[in-house]
Amino acid sequence: MTYRRKYVPKSAKVEIIIKALCEKSPRTINELAENLASRLGLKFTTARSTASRIVSSFLELDILEEAGTDRKGSRLIEISPAGAYVIARNLPDFKTEFLKKEDVVKLLLRKSSKAADALEVYYVLRRETEEELGAEDFYDAITLDMELEDVEISSWDELADEIISLCTSQIERYLDRKGGILDLRELMKTLPEKIKKTYVRILYAYLDEIDEELGKLTLRKEKVKELIKETETS
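Using our numbering, the first residue of the sequence shown is number 22, and each one after it goes up by one.
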């Protein structure tokens with residue numbers, strides 16, 4: 022289907038490129054340009070220039086990375102683990118036109134089943150706690166994330182761990198609100214069996230985080246007791 026509007030926001034072009042890389046990667050810039058041209062009704066030369074600019078910008082930000090060359094010597098491009106993280110994390114906050122959550126899951130299924138399963142749980146958790154979708158630009162959000170935050174994810178295994186951390190943060194949000202535990206119980210009933218197992222692993226990961234925090238609080242408590250004792254006897 023060809024885009025009908027005269028003005029095409031940059032975010033829409035970015036979504037099309039990311040979606041193409043989620044569906045199949047790595048790809049050449051020409052392949053990405055063909056996707057832009059067919060989706061937006063652009064001339065190929067215009068689409069290639071646009072794709073080249075976006076790819077160059079995203080390579081600098083480590084949202085994309087090079088994956089060698091094809092038989093013709095053209096550069097091959099794919100989404101980096103860090104790029105997949107900022108895309109996956111920001112996607113639920115925006116009304117995107119082309120890129121969908123299922124696209125990012127499809128990418129992760131090729132890279133890390135652990136990350137893909139955790140992301141499906143995250144999206145279910147986000148759907149249940151979803152607030153009003155942001156009016157900001159999806160392109161701006163992911164670029165600002167990479168520019169302002171220290172996103173150090175260099176492997177797909179690390180990405181899986183970071184997505185699990187996103188899930189535990191969402192679970193904490195549930196538990197901090199009235200009736201949240203009931204919502205989590207209802208949520209479990211709706212999960213497919215494969216995803217339910219991942220959800221249980223994530224709950225165990227959250228237990229580990231709680232134990233770690235309890236250890237820190239216990240140590241802090243003992244230090245405060247020492248201070249009280251020293252102050253009272255001085």
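Glycine residues also receive a C-beta, built at the ideal position from the N, C-alpha and C atoms.
Could you tell me the boundaries of the alpha helix (DSSP H) in which residue i lies?
i, result
"isoleucine 84", "Isoleucine 84 -> no alpha helix (DSSP H), and no H or E assigned at all."
"lysine 132", "122-132"
"leucine 203", "201-211"
"lysine 34", "31-44"
"threonine 49", "Careful: threonine 49 lies outside any alpha helix (DSSP H) and carries neither H nor E."
"arginine 194", "177-196"
"arginine 241", "214-254"
"threonine 117", "Here threonine 117 belongs to no alpha helix (DSSP H), and DSSP marks it neither H nor E."
"tyrosine 160", "159-169"
Could you spell out where the beta strand (DSSP E) holding residue i opens and where it closes?
i, result
"leucine 97", "96-100"
Would you call the CB atoms of residue i and residue j closer than 8 Å?
i, j, result
"valine 125", "tyrosine 220", "no"
"alanine 136", "leucine 180", "yes"
"aspartate 178", "valine 172", "no"
"alanine 72", "leucine 53", "yes"
"glutamate 99", "serine 46", "yes"
"threonine 48", "leucine 97", "It is arginine, not threonine, that sits at residue 48 in the sequence shown. In this structure, leucine 97 lies closer than 8 Å to arginine 48 by Cβ."
"alanine 105", "leucine 80", "no"
"threonine 164", "leucine 82", "yes"
"isoleucine 256", "arginine 69", "Only positions 22 to 255 of the chain appear in the structure, and residue 256 is not among them; the question remains open."
"threonine 117", "glutamate 36", "yes"
"leucine 130", "cysteine 188", "no"
"isoleucine 216", "proline 102", "no"
By a C-beta neighbour count over all protein chains shown, 10 Å radius and 16 as the cutoff for buried, is residue i buried or exposed?
i, result
"glutamate 76", "For clarity, residue 76 is valine in the given sequence; the question names glutamate instead. Buried is the call here."
"serine 95", "exposed"
"serine 176", "exposed"
"aspartate 229", "exposed"
"tyrosine 144", "buried"
"lysine 40", "buried"
"glutamate 87", "exposed"
"phenylalanine 119", "buried"
"glutamate 183", "buried"
"threonine 67", "exposed"
"phenylalanine 115", "buried"
"isoleucine 185", "buried"
"isoleucine 231", "exposed"
"leucine 140", "buried"
"serine 255", "exposed"
Is residue i close to chain B? Criterion is C-beta to C-beta, closer than 8 Å.
i, result
"glycine 94", "The question asks about chain B, but that chain is absent: this structure has only one protein chain."
The ligand SAM heavy atoms versus the CB of residue i: any closer than 7 Å?
i, result
"glycine 236", "Absence of the ligand SAM from the depicted structure is noted, as is the absence of any ligand whatsoever, leaving it without description."
So, does the stretch 102-110 touch the stretch 55-66, judging by three or more C-beta pairs under 8 Å?
no
Kindly confirm or deny that the stretch 197-206 and the stretch 156-165 touch, where touching means at least three C-beta pairs closer than 8 Å. no
Can at least three beta-carbon pairs, one atom from the stretch 207-223 and one from the stretch 184-198, be found at a separation below 8 Å? yes
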